[in-house]
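Trainee:
There are 2 protein chains.
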Amino acid sequence: MGGFLQFIWPIVSLLSIPLISAVLSNTPVPRTYGIVLFRMFDMLDVYGPSEILQFIGGSYPTNIVYIAETLEPVTTRPVMAAMNPLNSSVYPSLTPTHVFETAPDLDVLIVPGGPGWRNPTSLNATMAYIRETTPKVRQVLTICTGSALAARAGILNGKRATANKFSWPTTVAANPNTTWVPSARWVEDYSSSPPIWSSSGVTAGIDMMLHWVEKTYSAENATNIARFIEHVRITDPSIDPFARNETVAEQA
Amino acid sequence: MGGFLQFIWPIVSLLSIPLISAVLSNTPVPRTYGIVLFRMFDMLDVYGPSEILQFIGGSYPTNIVYIAETLEPVTTRPVMAAMNPLNSSVYPSLTPTHVFETAPDLDVLIVPGGPGWRNPTSLNATMAYIRETTPKVRQVLTICTGSALAARAGILNGKRATANKFSWPTTVAANPNTTWVPSARWVEDYSSSPPIWSSSGVTAGIDMMLHWVEKTYSAENATNIARFIEHVRITDPSIDPFARNETVAEQA
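Sequence lines, in order, name chains A and B. Under UniProt numbering, the first sequence has 228 at position 228, and the numbering climbs by one with no breaks. Under UniProt numbering, the second sequence has 26 at position 26, and the numbering climbs by one with no breaks.
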């Protein structure tokens, strides 16, 4: 397997460099991240953060657990035929690692979005898990309309948050107890414990997650990961190319 | 379920608008996309294109098939313990829909990257499938080090291509029969049939895929999808923020 190591070593050594600073630091970094899955989740909301944490796992002992109501594969396929009028087969599944009852203690809870957040009938167990887990974690991160689901679960009452700007009207209408920020790549709310960060749509979650890595691990880690995945970062949360400016005007 | 439709309709109607132009067009669009899976694939190389095609599937009858050597879930977990020195659990799996022998005829073959492309011993069936399928499709799209795997399979001999810039030295060294373009967000090679497009690293695949949507379906589709996923596009393939400029100098 010498040839294999020869090819692989550049990546192993990339990931080993930041390990030194982690060992020297006095602040313990998170170890267990939990991502909630529900039918019609947005795949990039889940895999954007997962990819970034996969790199972190090379430098810091890290677990990602995928948590859902049952251990059945969770599909991105719509519930209703009307949402797939051409009967396309474009819907991958992800098999959870845990159900809500058996999930381990988490350091960080991640709530992805996706059209399934709107499901009026099947999210009670999911919302209960989010509500009961939030007080026990160090941080909550919501991606895209994941903040709409988090708001439905009640954990964003009285807090500032943002969400996917395309789905903005339904997100805001369904969740009036949150102060929605219409122009933000992501929002960091520290008004109570745990802090809750929420990102704008889908790939905004990658920017928020790289910022999380920068604040939690190191700027070098964030830079290295962005360089590896060739992601052109937005590093200032106030820069929002997809902002709902008409909504800003309404609220002004 | 009235409430559900009320929430969902904005997305259904987004996806229905381009359907009209598809029906009126004389050029048939692709129907079946196949993505090759192998151990240690890069998850965003697979799910970036998948997410974009999932939107397309709302407007055009579309299938994505995930093809691997067996129907066992394909994991992103490294083969060797040395590549996961902290024993992290950060490696999701994807269950294929088909094996190489039973895969349907494809219109478009997508080859993702990931560190597994380097595996010296276990990719023979994967490379044989890529080699035998390429002449039968209308287009090949490679993402990140997927072009390195495609080159190993022999389909990039004498062609121009690009790849992940961080993994550039090993990609170039392992595949001397390809003209590697060190500064390109993506490369379109039309020198023989089928054309082969190759992207730079990971999120560059999203830019290439949106360009594919623009050329194959419509600019409106690409714009709508980018807006929905809030991806800040690079639309000019010659703009490469991660270019290997020292390699440009070497080759000049």
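Yeah, the Cβ is synthetic: ideal placement off N, Cα and C, and Gly gets one too. Note that this is a predicted model, so its numbers are computed, not measured.
If you follow the beta strand (DSSP E) that L109 of chain B is part of, which residue opens it and which one closes it?
Mentor: 108-111 is the extent of the beta strand (DSSP E) around L109 of chain B.
Trainee: Run through DSSP, which three-state label would E69 of chain A get?
Mentor: Reduced to three states, the DSSP call for E69 of chain A is coil.
Trainee: Using CA atoms only, rank isn't needed, just tell me which of B:L37, B:I64, B:L53 is closest to E72 of chain B.
Mentor: Taking only the C-alpha atoms, the option nearest E72 of chain B is B:L37.
Trainee: For D105 of chain A, count neighbouring C-beta atoms within 10 Å of its own C-beta (all shown protein chains included) and say buried if the count is 16 or more, exposed if not.
Mentor: Exposed is the call here.
Trainee: Can you give me, in chain order, the residues of the region 197-231 of chain B that have a beta carbon less than 7 angstroms from any beta carbon in chain A?
Mentor: Residues S200, G201, V202, T203, A204, R227, F228, I229, E230, H231.
Trainee: Please tell me whether T179 of chain B and D107 of chain B are closer than 7 angstroms, where the distance is taken between their beta carbons.
Mentor: The answer is no: Cβ separation not under 7 angstroms.
Trainee: What residue from B:P135, B:P92, B:P96 has the CA that sits closest to T76 of chain B's CA?
Mentor: Taking only the C-alpha atoms, the option nearest T76 of chain B is B:P92.
Trainee: Please identify the residue among A:G48, A:V29, A:P28 whose C-alpha is closest to the C-alpha of I35 of chain A.
Mentor: The residue with the shortest Cα to Cα distance from I35 of chain A is A:G48.
Trainee: Determine the chain B residues that contact P92 of chain A at a beta-carbon separation under 8 angstroms, and present them in chain order.
Mentor: Here the neighbours are Y47, S50, I64, Y66, L94.
Trainee: Nearest to L141 of chain A by CA position, among A:L210, A:S183, A:V172, is which residue?
Mentor: Nearest of A:L210, A:S183, A:V172 to L141 of chain A, Cα basis: A:L210.
Trainee: Where in the region 114-176 of chain A do unbroken runs of the alpha helix (DSSP H), each at least 4 residues long, occur, reported from the N-terminal end onward?
Mentor: Listed in chain order, the complete alpha helix (DSSP H) runs (minimum 4 residues) inside the region 114-176 of chain A are 124-133, 146-152, 168-174.
Trainee: Less than 7 angstroms between the C-beta atoms of P96 of chain B and Y60 of chain B, yes or no?
Mentor: No; because the gap between Cβ atoms is not below 7 angstroms, this pair is not in contact.
Trainee: Contact criterion: CB-CB distance below 7 angstroms. Does F166 of chain B meet it with respect to chain A?
Mentor: Answer yes: the Cβ-Cβ gap between F166 of chain B and chain A drops below 7 angstroms somewhere.
Trainee: Do A148 of chain A and T121 of chain A have their C-beta atoms within less than 7 angstroms of each other?
Mentor: Not closer than 7 angstroms, so no.
Trainee: Using the C-alpha atoms, what's the distance from P241 of chain A back to V232 of chain B?
Mentor: Cα to Cα, V232 of chain B sits roughly 8 angstroms from P241 of chain A.
Trainee: Nearest chain A C-beta to P112 of chain B closer than 7 angstroms, yes or no?
Mentor: No, P112 of chain B does not count as interfacial toward chain A.
Trainee: My understanding is that A226 of chain B touches E230 of chain A, with C-beta atoms under 8 angstroms, so please give their C-beta distance in whole angstroms.
Mentor: Contact doesn't hold; Cβ gap of about 17 angstroms is too wide.
Trainee: Taking residue 309 of chain A as the query, report the chain B residues whose CB atoms sit under 9 angstroms from its CB, ordered along the chain.
Mentor: Residue 309 of chain A cannot be examined here, being either before or after the span of chain A that is shown, 1 to 252.
Trainee: Using a Cβ-Cβ cutoff of less than 8 angstroms, which residues in the same chain neighbour I155 of chain A once the five nearest sequence positions on both sides are dropped?
Mentor: Excluding residues within five positions, the ones whose Cβ falls inside 8 angstroms are I130, R131, T134, V140, I196.
Trainee: At a CB-CB cut-off below 7 angstroms, which residues of chain B make contact with M43 of chain A?
Mentor: Simply Y47, S50, E51.
Trainee: For N157 of chain B, collect the residues of the same chain with a Cβ closer than 6 angstroms to its Cβ; drop the 5 residues on either side in sequence, then sort them by chain order.
Mentor: Cβ within range, chain order: N177.
Trainee: Only counting the same chain, and skipping five residues up and downstream in sequence, which positions put a Cβ closer than 6 angstroms to that of S167 of chain A?
Mentor: The answer, listed in chain order, is T145.
Trainee: Answer yes or no: the CB of Q139 of chain A versus the heavy atoms of the ligand SAM, is any distance below 6 angstroms?
Mentor: The ligand SAM is not part of this structure, which contains no ligands at all.
Trainee: Could you tell me whether the Cβ of Q139 of chain B comes closer than 7 angstroms to any Cβ of chain A?
Mentor: No, Q139 of chain B does not count as interfacial toward chain A.
Trainee: Measure from the C-beta of P241 of chain A to each C-beta in chain B and report whether the shortest distance is under 7 angstroms.
Mentor: Yes, contact with chain B.
Trainee: Run through DSSP, which three-state label would residue 254 of chain B get?
Mentor: Outside the displayed range of chain B (1 to 252) lies residue 254 of chain B, so it cannot be described from this structure.
Trainee: Since I believe G114 of chain A is in contact with D45 of chain A (beta carbons under 8 angstroms), could you give me their beta-carbon distance rounded to a whole number of angstroms?
Mentor: Right, their Cβ atoms sit about 6 angstroms apart.
Trainee: Check the DSSP bridge columns for V74 of chain A and list the partner residues they point to.
Mentor: Its beta-bridge partners are A:L94.
Trainee: Take the Cβ of Y217 of chain B as the centre, count every other Cβ of all protein chains shown within 10 Å, and call the residue buried at 16 or more, exposed below.
Mentor: It is buried - the Cβ of Y217 of chain B has at least 16 other Cβ atoms within 10 Å.
Trainee: Could you give the first and the last residue of the continuous beta strand (DSSP E) run that contains V187 of chain B?
Mentor: Taken as a continuous stretch (DSSP letters only), the beta strand (DSSP E) holding V187 of chain B covers 186-189.
Trainee: Just curious, the alpha helix (DSSP H) that S88 of chain A is in, first and last residue?
Mentor: Element bounds for S88 of chain A: n/a, residue is neither H nor E.
Trainee: Since W197 of chain B sits in a beta bridge, which residues does DSSP pair it with?
Mentor: Answer is B:L141, B:E188, bridged to W197 of chain B.
Trainee: Does any residue of chain A bring its CB to less than 7 angstroms from the CB of G116 of chain B?
Mentor: It does not; no Cβ of chain A falls within 7 angstroms.
Trainee: Which residue or residues does DSSP assign as beta-bridge partners of I35 of chain A?
Mentor: I35 of chain A is bridged to A:Y66, A:I110.
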